[in-house]
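Visitor: Pasting in a structure now, in structure tokens, and then I'll have a few things to ask.
Protein chains: 2
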Amino acid sequence: MNLKTYYIEEFADLDKYFRRNLMNCLSGYKSLNLVGTISKEGKTNLAPFSQIFHIGASPALMGMLIRPDVVPRHTLANLEETGYFTFNHVQADFYKQAHQSAARYEESEFEAVGLEAEFSEKIPAPYVQKSLLRIGLKFEERHDLAINGTVMIIGSVQEIHVMPEAVGEDGFIDLEKLESVTCSGLDSYHIGQKLGRLSYPKPDKNLSII
Amino acid sequence: MNLKTYYIEEFADLDKYFRRNLMNCLSGYKSLNLVGTISKEGKTNLAPFSQIFHIGASPALMGMLIRPDVVPRHTLANLEETGYFTFNHVQADFYKQAHQSAARYEESEFEAVGLEAEFSEKIPAPYVQKSLLRIGLKFEERHDLAINGTVMIIGSVQEIHVMPEAVGEDGFIDLEKLESVTCSGLDSYHIGQKLGRLSYPKPDKNLSII
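So the sequences go chain by chain: A and B.
The first sequence begins at 383 in this note's numbering and counts up one residue at a time.
The second sequence begins at 383 in this note's numbering and counts up one residue at a time.
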């Protein structure tokens with residue numbers, strides 16, 4: 383297979399829009415979540431994020447990257463003020479609303495795009511009522527990446543709300559049953575199609591589908 | 383829809399294996415890449431990573447999380463020693479070999495799982511010859527997350543090798559054409575099925591499929 387190569391020396395000469403798309407596609411499929419927060423004054427905020435990742439299982443920690451210069455800063459300001467935020471998986475039936483919530487609205491994005499907010503008893507941040515997997519998080523740490531101004535936020539998982547039929551006996555969550563959406567690049571959305579779950583890899587053992 | 387709730391107070395009482403699966407599934411679909419490195423002595427190393435993310439387009443930066451206690455430390459030691467590493471998308475036809483490369487081998491994982499290494503002229507780190515999207519990176523920054531010992535590595539993109547048919551006129555890379563694989567949890571692999579690409583979201587404009 384002949385591959386095309388782009389070298390760093392040429393990056394600056396690429397069309398700006400072309401380069402932005404290309405670079406945003408490199409990591410592959412991304413972990414799309416709607417992030418819900420609320421201001422001290424009680425105004426809810428919702429925005430899609432794709433740079434969200436598992437940090438640890440015990441304690442349960444998750445992280446997200448925020449570009450203060452390219453996304454609405456309300457998410458960052460709110461979670462630092464209140465100490466809480468939510469992650470909400472996007473299902474296929476509302477992925478367009480999720481995308482639209484990235485627009486720069488004056489009013490709450492929940493109302494603007496027609497997604498209902500829901501609050502739990504313990505977390506002072508709004509969930510997306512339609513989402514079938516919602517995670518309530520407490521703000522723990524902020525790291526500023528000097529290299530380009532990106533902010534990494536780490537939160538501890540406080541509660542998990544999930545469609546029970548999607549959770550297996552071994553704790554595995556079936557994202558296809560949930561119809562959770564993944565994204566690529568800046569604007570492409572996909573659902574998953576399973577190849578298989580594989581047994582634990584050991585040097586002298588053949589893998590089996592589990 | 384009635385959701386089941388797991389509260390933080392109960393996490394410690396969950397079966398350890400159940401909790402590990404559950405927590406590793408929370409972020410949704412993940413960015414799977416095989417990471418290639420080489421030691422000073424010339425021994426190649428390959429390992430799958432799923433906590434890989436876009437950090438910036440200009441300059442082009444990518445990050446990855448490494449748990450020094452749970453993954454072979456060779457990747458971290460090698461990239462710090464040589465200053466270089468590669469990301470390689472996993473295609474559907476070798477996802478089992480990718481999974482198997484996580485086993486603790488004495489020899490190079492390339493040989494152990496039967497994936498051929500390939501070197502470019504500029505990057506002293508091995509690529510996966512079968513991969514249709516390969517990225518050569520220079521080690522830029524290391525951040526230690528005190529909260530649980532996770533290490534974040536930031537690299538600058540030096541070169542990109544990609545199947546040309548998958549790159550659109552606007553720079554968008556079609557991951558389905560590449561048959562790139564995404565993973566969920568600790569052991570599940572999936573390909574993507576497109577819902578659509580959506581136009582740039584603005585407050586007073588309807589979205590269209592692009």
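We put the beta carbon where it would ideally sit given N, CA and C, even for glycine.
#1: Quick check: the segment 434-448 of chain A against the segment 534-547 of chain A, are at least 3 beta-carbon pairs closer than 8 Å?
#2: Could you tell me the alpha carbon to alpha carbon distance between B/V417 and B/G518, rounded to whole angstroms?
#3: Tell whether a beta-carbon distance below 7 Å holds between A/G578 and A/E558.
#4: How long is the line joining the alpha carbons of B/T564 and B/E498, rounded to whole angstroms?
#5: Near A/I505, which residues of its chain fall below 7 Å by C-beta distance, leaving aside the five closest residues on each side in sequence?
#6: Are the beta-carbon atoms belonging to B/A429 and B/S483 less than 7 Å from one another?
#7: Assuming A/K412 and A/S432 are in contact, meaning their beta carbons sit under 8 Å apart, how far apart are those beta carbons, in whole angstroms?
#8: Using beta carbons (cut-off 7 Å, strictly below), is A/Y477 in contact with chain B?
#9: Could you work out which residue in B/L414, B/S421 and B/H436 is closest to B/E462 when comparing CA atoms only?
#10: I need the boundaries of the alpha helix (DSSP H) containing A/V417, first residue and last residue.
#11: Bridge partners for A/H481 per DSSP, in chain order?
#12: Interface residues of chain A around B/Y524 at Cβ under 9 Å?
#13: Does any C-beta atom of chain B lie closer than 7 Å to the C-beta of A/M446?
#14: Between A/L511 and chain B, is the shortest Cβ-Cβ distance under 7 Å, so that the two count as touching?
#15: Anything in chain A within Cβ reach of B/A474, meaning under 8 Å, just list it in chain order.
#16: Considering only DSSP beta bridges, list what B/F467 is partnered with.
#17: At a CB distance below 9 Å, what residues from the segment 533-546 of chain A approach chain B? Give them in sequence order.
#18: Just the Cα atoms here: how many angstroms apart are A/S538 and B/N406?
#19: So which residues on chain A does B/S413 lean against when the C-beta distance must stay under 8 Å?
#20: Using the three-state DSSP reduction, which class does B/E462 fall into: helix, strand or coil?
#21: Among the residues of its own chain, which have a CB less than 6 Å from the CB of B/G567, if the five just before and after it don't count?
#22: Report yes or no: do three or more beta-carbon pairs, one from the segment 541-550 of chain A and one from the segment 515-529 of chain A, lie closer than 8 Å?
#23: Out of curiosity, what's the CA-to-CA distance linking A/A507 and A/T464?
#24: Quick one: Cα of A/Y388 to Cα of B/H471, how far?
#25: Can you list the beta strand (DSSP E) stretches of 3 or more residues lying completely in the segment 534-575 of chain B, in chain order?
#26: Tell me whether the beta-carbon of A/N481 lies closer than 7 Å to the beta-carbon of B/P583.
Guide: Taking the coordinates as given:
#1: Remark: three or more beta-carbon pairs, one from each stretch, lie closer than 8 Å, so the segment 534-547 of chain A and the segment 434-448 of chain A are flagged as touching.
#2: In the second sequence, counting from the first residue as 1, residue 417 of chain B sits at position 35. In the second sequence, counting from the first residue as 1, residue 518 of chain B sits at position 136. Near 10 Å, if we compare the C-alpha coordinates of B/G518 and B/V417.
#3: As a working note, residue 578 of chain A is residue 196 in the first sequence. As a working note, residue 558 of chain A is residue 176 in the first sequence. Result no, Cβ atoms of A/G578 and A/E558 do not sit closer than 7 Å.
#4: In the second sequence, counting from the first residue as 1, residue 564 of chain B sits at position 182. In the second sequence, counting from the first residue as 1, residue 498 of chain B sits at position 116. Distance between the alpha carbons of B/T564 and B/E498: 21 Å.
#5: If you number the first sequence from 1, residue 505 of chain A lands on position 123. Cβ neighbours of A/I505 beyond the five flanking positions: Y466, T468, G518, Q540 and E541.
#6: Here residue 429 of chain B is taken as the residue at index 47 of the second sequence, counted from 1. Here residue 483 of chain B is taken as the residue at index 101 of the second sequence, counted from 1. Contact flag set, yes.
#7: Within the first sequence, the letter at position 30 stands for residue 412 of chain A. Within the first sequence, the letter at position 50 stands for residue 432 of chain A. The pair is a contact, with the Cβ atoms about 4 Å apart (cut-off 8 Å).
#8: Here residue 477 of chain A refers to the residue found at position 95 of the first sequence. Yes, A/Y477 counts as interfacial toward chain B.
#9: Residue numbering aside, residue 462 of chain B sits at position 80 when the second sequence is read from its first letter. The candidate whose alpha carbon is nearest that of B/E462 is B/S421.
#10: For the purposes of this step, residue 417 of chain A is taken as the residue at position 35 of the first sequence. Not the alpha helix (DSSP H): A/V417 falls in the beta strand (DSSP E), residues N415 to I420.
#11: In the first sequence, the residue the question calls residue 481 of chain A occupies position 99. A/H481 is not bridged to any residue.
#12: Here the question's residue 524 of chain B lines up with position 142 in the second sequence. Residue 524 of chain B is actually Arg in this sequence, not Tyr. Taking the beta carbon of B/R524 as reference, no residue of chain A falls within 9 Å; the closest one sits roughly 11 Å away.
#13: Reading the first sequence from its first residue, position 64 is the one you call residue 446 of chain A. No, because no Cβ of chain B sits closer than 7 Å to the Cβ of A/M446.
#14: For the purposes of this step, residue 511 of chain A is identified with residue 129 of the first sequence, where counting begins at 1. Checking the sequence shown, residue 511 of chain A turns out to be Gln, not Leu. Taking Cβ atoms only, chain B never reaches closer than 7 Å to A/Q511, which makes this a no.
#15: On the second sequence, position 92 is the one that residue 474 of chain B refers to. Result: L577.
#16: Start at 1 with the first residue of the second sequence, and residue 467 of chain B comes out as number 85. Residue pairing by DSSP places B/F467 opposite B/L519 in a beta bridge.
#17: If the cut-off is 9 Å between Cβ atoms, the segment 533-546 of chain A has M534, I536, S538, V539, Q540, E541, I542, H543, V544, M545 and P546 near chain B.
#18: The count along the first sequence starts at 1 and reaches residue 538 of chain A at position 156. The count along the second sequence starts at 1 and reaches residue 406 of chain B at position 24. Looking at the two C-alpha atoms, the distance is approximately 13 Å.
#19: Within the second sequence, residue 413 of chain B is the residue found at index 31, counting from 1. Within 8 Å Cβ-Cβ: S409, G410, Y411, K412 and S413.
#20: By 1-based counting over the second sequence, the position of residue 462 of chain B is 80. In the structure shown, the three-state DSSP call for B/E462 is helix.
#21: Mapped onto the second sequence, residue 567 of chain B falls at position 185. Here the set comprises N403, N406 and C407.
#22: Note that the segment 541-550 of chain A touches the segment 515-529 of chain A; at least 3 beta-carbon pairs, one per stretch, sit closer than 8 Å.
#23: Position 125 of the first sequence, counted from the start, is the residue given in the question as residue 507 of chain A. Position 82 of the first sequence, counted from the start, is the residue given in the question as residue 464 of chain A. Those two C-alpha atoms are separated by around 8 Å.
#24: If you number the first sequence from 1, residue 388 of chain A lands on position 6. If you number the second sequence from 1, residue 471 of chain B lands on position 89. Across the structure, A/Y388 and B/H471 are spaced so that their CA atoms are roughly 16 Å apart.
#25: 563-566
#26: Numbered from 1 along the first sequence, position 99 holds the residue referred to as residue 481 of chain A. Numbered from 1 along the second sequence, position 201 holds the residue referred to as residue 583 of chain B. The question names Asn, yet the displayed sequence has His at residue 481 of chain A. With contacts defined as CB atoms closer than 7 Å, A/H481 and B/P583 qualify as a contacting pair.
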